[in-house]
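Order-wise, the sequence lines are chains A and B. Read in order, the letters of the first sequence correspond to residues 10 to 169 in the numbering used here. Read in order, the letters of the second sequence correspond to residues -3 to 645 in the numbering used here. Some notes on the structure that comes next.
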Amino acid sequence: MENDIDLILNKYIKTRRESLIPALQEIQLLTGSISEEVIRKSARYFGIAPARVYGLSTFYDQFRTEPASKIQIECCRGTACHLNHAAGLLRETEDMLGIRAGQQSRDAIFSIRLVNCLGGCNHGPVVRINGKAYGHMSLEKMKEIIARELDDNNNAHERA
Amino acid sequence: MNGHDHDILTKVLTAGLRTPVPPALTEEEQWHLEGLQLKRVDRPLIFVGTGSCGQIAGAGETLHAVNAYLQLPGIDAAVEETGCKGYCSMEPMLDIQLPGKARLSFGHVTAGDVPEILDAVLNRTVPENLLLGQYPQDGLENWARVPLVKDLRFFRLQQRHLMERCGMINPRKIEQTLATGGYSAFLKTIFTYRPAQVCDIIDAAGLLGRGGSAFPAGQKWKSAFNTAGNDKYLVCNADDADPGGAISRVLLESDPHLVIEGLAIAAYACGASRAFITISERCGQAINRMQEALLQAAGFGLWGNNIFGSGFDLLISLKITPGAFICGEETALISSLEGKRGMPRFRPPYPTQKGFLGNPTVVNNIETLANVPGIMKHGPAWFKSTGTATSPGTKLVSLYGRTMNTGLVEVPMGITYRDIIYSIGEGIRDQKQLKAIHLGGPMGAFTGISGLDTPLELDSSRDMAEGIGSGSMLVLDEDQCLVDVTRHFMDFLRDESCGKCIPCREGIRQMSLILGSITGKPGKEGAHETLERFKGAMQIEGLGAVIRSTSLCGLGRNAPNTVLSAMKLFREEIEEHIFDRHCKAGICIHLRTFIIDTEKCTGCSACAKKCPAAAIIGSPTQAHFIIASKCTGCGICFETCKFGAISML
């Protein structure tokens, strides 16, 4: 059965292993993650072992194997943010959501990820929530933004 | 860009290159060109810096406010988005240029300040508030009693060759780049020189690689050029994985065409017909701007087949790296481009002999390539007139940490660290004292106050431990704990080690564990724990030496630099952590002890309710106590107490 994953894969040349990363990036953009199905299909397509594709998807920070969460929190672990107590904020966030960095909550609503630097070194700690970066982050500010994002999310669902 | 602009710019670009010589610009065309160069504006032009640092500081809201202001009746003005001037601590920045007048620059402009500033400037007065200065230009009238931007302390010692256009032009409009001289060096190169000559010119200029290893760029190109092979590749490494380095990001967001031009010249010189630009997936804006820039440049025929009829073909593709610090190493980057895990391999063979898919490949850092158009335009002698004899030119330095001014600065080589911190950075915030600086990112090293007068230089014979490396400078004041910063870097490297060779994979993990136990909570069996910590600290130097001498790539070889330099410079502080279990700066939270002053405590129980570890006991209205063994040192009680009864030892 053809689906979106096949459609994306078919755009790339089969014999070109170097297309694997761009293909996975495109698939993740569409489906939100590199699922087992993606791994098997892309391995078959490029003629390599599924273990190689899995190895690749766990090696790089960008790829995730679990489905995308509704609220993606990315905490900057850059040195400038570290000096502005990013570690403390991360700990507080982890405690608030009950998950550690790199994990996803069981209801798939929240995930926390560490990123290297978001470019706001003078405005740390910087946290990116669902793709938008905010400076001078605090727990209170984060709660507000999360509430707003959840609202938007629900509204979008209702409209759909 | 409209057809008229296109014709004018083509004339400007190809002047003197082809026969028959194209007709000179008419008066009308010259007039129009000045408009594109932003020398002449017909109506007020407002510039908002919307680089990613600006966005985080609130430039999006500022831009929104400007657009709202422009909707008001009777306002005839336009807005341009620019990149970043490197002055991150002044973001969001807003510039205004009135017809016939010099461009004014303002800093810290929030959405609320916009109407006030625009009202004043459009009525030809200059508000004192938030004003930074003006940019004088030939043919434009200066504002009275307004300082020049280049005289500001942040800019005074800088020498902007690479960053000349950064923050000044709209990076999303290629016509502004072309009108201000962009791509002229590239076209001159492919029409005037043979590839080998270009390598010679770059060699004569003494351009050293800016990525950290300081290898002469001209020699690298020659090596690839002289290797037989039909398919040669050039890779521009534009991924500053360094947590705190912003060099690639600023260049990509503010002047992407400079990067493309340097890349194109380099590709011509080493005989490559395929080129890649690799940008990290984190840098969304940089990716967008580069994508746009590549499309516009292709539309103008600046890359593709038979560029401007010269017979030179170049295909450039943008590769989004899926994020791995190790991909700063050239063989790892190539492996990642090939669709594998980014792991380094043994050299030789060097990538210039056997690189991407077995073809000769040159990997250059983005800053190295950004230097190339200037050298081709003005010649090697011009390039050598800046900087020192061994390392000519300028260096981009990402200045961050506790200085008053932070951001990306471009300084001539040979400038002392002291000048960068105290002149460009305007010293340390809050009248604090400087404690140390840390150069070169996670694999760099600390430099103490005694090393402040060292001139900034690139030297391939020295290892990374002593130089500026990739170009980031972290400034630490007396309130920072060096052990904590060291641990931060080691934790980072532990997570980023690719895992290929054991010394790096296991060695860094051990170092990070040792530092963790030094900064961690004291264990229950006190004596045993102290001994363990002490043993770990004793072994750390030996471990560092082993990692350094046995690792395969630069990451492992340079990983112990931070720890070893900290041991050398700040032994006392480390010993204090080990033996006294005390962190003077109060940063290592597990080593903090809080006590409640029973005299001042009113027994309100606010602290006990907030304590996440339930470490505070006491009945209401009676004085409370902290149970030391339960306390995690988080400090929430300290922040909660309204009566100042809680203090930190």
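Glycine included, every Cβ here is placed at the ideal spot set by N, Cα and C.
Short Cβ contact (8 Å threshold) for residue i with residue j
i	j	result
B:V407	B:I417	no
B:L478	B:A432	yes
B:S244	B:A234	yes
A:P5	A:G107	An answer regarding residue 5 of chain A cannot be provided, because it is not within the stretch 10 to 169 covered by chain A.
B:K496	B:L548	yes
B:L310	B:I303	yes
A:A32	A:S51	yes
B:H586	B:A604	no
B:G240	A:A96	no
B:L100	B:Q133	no
B:E249	B:L551	no
B:T558	B:T443	no
A:L148	A:R137	no
B:T58	B:V110	yes
B:A175	B:A107	no
B:L127	B:F102	yes
B:V142	B:Q93	no
B:E137	B:A98	yes
B:K702	B:P369	Lying outside -3 to 645, the shown extent of chain B, residue 702 of chain B is not represented and no answer is given.
Contacting residues, own chain, Cβ-Cβ under 7 Å from residue i (five flanking each side not counted)
i	result
B:P252	P167, R285, M286 and A289
A:D161	none
B:S313	F272
B:C80	G45, G47, C49, G50, C162, G163, V246, E249 and S250
Chain-ordered chain A contacts of residue i [CB-CB under 8 Å]
i	result
B:G465	Going along chain A, no residue has its Cβ under 8 Å from B:G465, so there is no contact; the nearest lies around 14 Å.
B:E334	R26 and E27
B:F321	N125
With 16 other Cβ atoms within 10 Å as the buried cut-off, status of residue i
i	result
A:N125	buried
B:L560	buried
B:L470	buried
B:D91	buried
B:E474	exposed
A:M105	exposed
B:N367	buried
B:I52	buried
B:L645	exposed
B:Q427	exposed
B:F308	buried
B:W27	exposed
A:G140	exposed
B:K350	buried
A:S157	Residue identity differs from the one stated: residue 157 of chain A is Arg in this sequence, not Ser. It is exposed - the Cβ of A:R157 has fewer than 16 other Cβ atoms within 10 Å.
B:R544	buried
A:K150	exposed
Partner residues on chain A for residue i, Cβ-Cβ distance less than 7 Å
i	result
B:E277	Q71
Close beta carbons around residue i, own chain, < 6 Å, minus the five adjacent residues each side
i	result
A:T110	Contrary to the premise, residue 110 of chain A reads as Ala rather than Thr in this sequence. The residues are I121 and L123.
B:G265	According to the sequence as given, residue 265 of chain B is Ala; it is not Gly. Correct list, in chain order: P191, V194, C195 and W217.
A:R86	L123
A:V62	I48, S51 and A52
B:T617	G599
Contacting residues, own chain, Cβ-Cβ under 8 Å from residue i (five flanking each side not counted)
i	result
A:R94	It should be pointed out that residue 94 of chain A corresponds to His in this sequence rather than to Arg. Within the same chain, A:H94 has close Cβ partners P134.
B:S85	M400, N401, T402 and G403
B:G467	R206, G241, I243, E363, K391, L392, V393, S394 and G436
Where residue i meets chain B, residues with beta-carbon distance less than 9 Å
i	result
A:V135	I52
A:L65	P318, G335, K336 and R337
A:Y143	I52
A:D104	P608
Neighbour list for residue i in chain A, Cβ cutoff strictly below 9 Å
i	result
B:H104	Near B:H104 there are no residues of chain A at all, since even the closest Cβ is about 11 Å away, more than 9 Å.
B:T402	A89, C130 and N131
B:G397	T88, A89, L92 and C130
B:Q476	L92
- What residues in the segment 336 to 361 of chain B bring their beta carbon closer than 9 Å to a beta carbon of chain A? Per Cβ criterion, the list reads K336, R337, G338, M339, F352 and L353.
- Task: May I ask you to list, following chain order, the residues of the segment 237 to 266 of chain B that have a beta carbon less than 8 Å from some beta carbon of chain A?
- Result: Hits within the stretch, in order: A237, D238, P239, G240, G241, A242 and R245.
- Message: Closer than 7 Å between beta carbons: that is the criterion. Which residues of the segment 15 to 45 of chain A meet it against chain B?
- Response: Answer set for the segment 15 to 45 of chain A: R26, E27, S28, L29, I30 and Q34.
- Message: For the segment 23 to 40 of chain B, list every residue whose C-beta sits within 9 Å of some C-beta in chain A, in sequence order.
- Response: Interface annotation for the segment 23 to 40 of chain B against chain A: empty, criterion Cβ-Cβ distance under 9 Å.
- Message: Against chain A, which members of the segment 177 to 188 of chain B pass a CB distance test of less than 8 Å?
- Response: From the segment 177 to 188 of chain B, no residue has a Cβ closer than 8 Å to chain A.
- Query: Mind listing which residues of the segment 70 to 90 of chain B have their C-beta closer than 8 Å to chain A's C-betas, in chain order?
  - Reply: Look at the segment 70 to 90 of chain B: the residues with a C-beta under 8 Å from a C-beta of chain A are C84, S85 and E87.
- Pull out every residue of the segment 83 to 99 of chain A whose Cβ sits closer than 7 Å to any Cβ of chain B, in chain order. Residues of the segment 83 to 99 of chain A with a Cβ closer than 7 Å to any Cβ of chain B, in chain order: R86, G87, T88, A89, H91 and L92.
- Task: Could you run through the segment 106 to 127 of chain A and flag, in chain order, every residue whose CB is less than 9 Å away from some CB of chain B?
- Result: Here the close residues are L123, V124, N125, C126 and L127.
- Query: Name the residues in the segment 541 to 568 of chain B whose C-beta lies less than 9 Å from a C-beta of chain A; which are they?
  - Reply: Cβ contacts with chain A: none found.
- Please list the residues of the segment 571 to 593 of chain B that have a C-beta atom closer than 7 Å to any C-beta atom in chain A, keeping them in chain order. Here the close residues number zero.
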